Structures are given as structure tokens and as C-alpha cells.
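One structure below.
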Amino acid sequence: MNTIDVTKISGGTKFDGYTVDHLIGSFKDDIEYLVKGKDNKNEDKDYMVFKNYQNDLRDMYKGRVISTGEIKNVMQQLIKGLNHLDLAGIIHRDIQPKNLKIEHDGNFDNFILKIANFGSAVKYKTRIVDHHRVALQYRSIELLLCTETPKQASDRWSAGCVMAELLKGAPLFDASHQLEMIHKVFTFLGKPDKVWPEYNNLTMKSYICLDGYNYMEKPDFEKEIPLAPKVEVGILRKLLAYAPDNRDRFNEEERNYLLN
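Read in order, the letters of the sequence shown correspond to residues 880 to 1139 in the numbering used here.
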């Protein structure tokens, strides 16, 4: 008997019919059932019942060196998946390796990547208060700084963290708590206030002193990930940009890498 995954898609906000229909359409080959049920507060919720995949992205690099071709394949499929969610107005909020399922034929030469676990997903422009739903190592800087209205670009930051981890073999930013993670990001990427005007409106700004950080025109990804090809470094710079609106401003070479 096949095992299944059950994902609640109400995610703290009631999705409208268009959003649910678009989400279902995006995953029509994977959804076994769409059901309605009650949660522990006896409230009506929508649930998607998925096929359960035995492997996730972590299995691709466990005990082996992942090739640059495999990294490109992962990122192409991940960005295309996020583009589908963008069209539906959905922010996944928990893009990380364990939520990226891998369907393959016995090896990783030919695989399909599936975005899974929509339990933290919200509709775009939804006001949120649970900033801690996203795994710390993949949480976007605006969520770390407690923005109340994240954009879909938050998922692109997480995708950048996934890409950096595949290239480096370890998380790019690793910390045990929120303030330490903010410190790690600011140390590597530099002060955010001049390149990201919205920074001054974020809740956590009042608790952070920027005096100990430097402005950086170009963070040194090459030093942190010395073997990364030039085009992949360029993509990382865009995905991990402070300003969310800059996270899809790829040049032609980067766009071809991700979409062709």
C-alpha cells in the first residue's frame, strides 16, 4: 500500500477558489485527493492528499558530491515551480531541502523535483505573525526581521540558500537563533539600509545596531564558495539580494541557466 502525505492548504488564511484551483492545477499529477475536513478547532479546512515520495533533496548530496549539472537541474525545476506559485499568488514560506521531494528511476541521473509541504503557505498580501514557521537556515532576511507582509520573493531567498548549500556542501548561513542569523547575514552581505529602503520600516530594526557592519558593494561569494561557476555566483547574488524586488533581475546568461 502506498503511503500518502496530507497537506492543509488553508495555512492560516482562507484561500479563494481561484487560488485553490490554480494550486490544484499545478499539482494535478501528484494530488490523489482534495478533501474538506475539520482541524483541531473544528474549523473547516481544505486538504490536499499527495503521493508520498521516499526521497528528498537531501538524499541527492548525502555521502556524495553533487555535480554542477545536477545543481542546474535542481535550480531550473525549483525556479519554475516557484514561478507557478507566483502566478497563484502563493508564498510557500518553507522552501528547504527536506520539502523538495525527488522522484527518480533508481539513480539521480534523471529526476523530477516536487515542491511539497504547504502547511506554512499563505496567500500574497496576507498579514502574518508567525515568522518562525520557516526553517532558520532558509528564512529570508525580511522574515528574520519580522515583516508582516512578505512577498513571493521570500521563497526566492530560500531557493538561494538551497543553491548555496548544494554548491558549498553546507548551509551558507547557519545559526542557533534569530539574532545570530541576522548577524551572520549582515556580516556576509553588509549593511542593508542603503540598498533596501524598506529595511527602516521593519519591526526588528529597533533592536539592531548597524555600527559594527560594513557596506559591501559586492559580497564575496567567490571566497565562501570558491568552486562555484561564475554564472551560479551571479544567480546567488540576485536570489540573496536584500531588496525582495531585485531577486528576479537576472541577466540573459543567468536567465538561460535557470529557464532553458
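For each residue, glycine too, the CB sits at the ideal point set by N, CA and C.
This one's a predicted model, so the numbers in the text were calculated from it and none came from an experiment.
Residues bridged to H983 (per DSSP): Here residue 983 refers to the residue found at position 104 when the sequence shown is read from its first residue. As DSSP reads the structure, H983 sits in a beta bridge with F990.
Assign E1044 to one of two classes, buried (16 or more other C-beta atoms within 10 Å of its C-beta) or exposed (fewer than that). Position 165 of the sequence shown holds residue 1044. Looking at its Cβ environment, which holds 16 or more other Cβ atoms inside 10 Å, E1044 is buried.
One question on the structure: do V1013 and L1022 come within less than 8 Å of each other, judged by their Cβ atoms? Here the question's residue 1013 lines up with position 134 in the sequence shown. Here the question's residue 1022 lines up with position 143 in the sequence shown. Contact: yes.
Could you tell me the alpha carbon to alpha carbon distance between Y1136 and L966, rounded to whole angstroms? Taking the sequence shown and counting its residues from 1, the one referred to as residue 1136 is at position 257. Taking the sequence shown and counting its residues from 1, the one referred to as residue 966 is at position 87. About 21 Å.
Euclidean distance between Cα positions of M1095 and Q933: For this step, residue 1095 is matched to residue 216 along the sequence shown. For this step, residue 933 is matched to residue 54 along the sequence shown. Rounded to the nearest angstrom, the two C-alpha atoms are 42 Å apart.
Go ahead and label R1018 buried or exposed: buried means 16 or more other beta carbons lie within 10 angstroms of its beta carbon, across all protein chains shown. Walking along the sequence shown from the start, residue 1018 turns up at place 139. Answer is buried; the Cβ neighbour count reaches 16.
Neighbourhood of I991 by C-beta, 8 Å cutoff - its chain only, sequence neighbours within 5 removed: On the sequence shown, position 112 is the one that residue 991 refers to. For I991, where only same-chain residues beyond five positions count, the Cβ hits under 8 Å are Q956, I981, E982 and H983.
Can you tell me which of I1020, C1040 and R1126 puts its alpha carbon nearest to the alpha carbon of E1103? Stepping through the sequence shown from its first residue, residue 1103 is reached at position 224. Residue C1040 is the option with its Cα nearest to E1103.
Measure the beta-carbon distance from L1118 to A1038 and round it to whole angstroms, keeping in mind my assumption that it falls under 8 Å. Translated into positions along the sequence shown, residue 1118 becomes position 239. Translated into positions along the sequence shown, residue 1038 becomes position 159. Under the criterion of beta carbons closer than 8 Å, L1118 and A1038 qualify as touching, at roughly 6 Å.
Given that a residue counts as buried once 16 or more other Cβ atoms are within 10 Å of its Cβ, and exposed if not, what is D872? The structure shown does not extend to residue 872, since the chain is modelled only from 880 through 1139, so no value can be given for it.
Bounding residues of the alpha helix (DSSP H) (the contiguous stretch that carries Y1136): Here residue 1136 refers to the residue found at position 257 of the sequence shown. First-last of the alpha helix (DSSP H) with Y1136: E1131 to L1138.
Among F1067, Q1016, P1076 and F997, the one whose alpha carbon lies nearest that of P1098: Mapped onto the sequence shown, residue 1098 falls at position 219. Of the candidates F1067, Q1016, P1076 and F997, the one whose C-alpha sits nearest the C-alpha of P1098 is F1067.
Give me the Cβ distance between R1126 and R1035, rounded to the nearest whole Å; I'm assuming they're in contact under 8 Å. Taking the first residue of the sequence shown as position 1, residue 1126 is located at position 247. Taking the first residue of the sequence shown as position 1, residue 1035 is located at position 156. About 4 Å separates the two Cβ atoms, so the contact holds.
By DSSP's criteria, K1002 is part of a beta bridge. Which residues make up the other side? Numbered from 1 along the sequence shown, position 123 holds the residue referred to as residue 1002. Residue pairing by DSSP puts K1002 in a beta bridge opposite I969.
Quick one: Cα of L959 to Cα of V953, how far? Counted from its first residue, the sequence shown places residue 959 at position 80. Counted from its first residue, the sequence shown places residue 953 at position 74. Residue identity check: residue 959 is Lys in the sequence provided, not Leu. Distance between the alpha carbons of K959 and V953: 10 Å.
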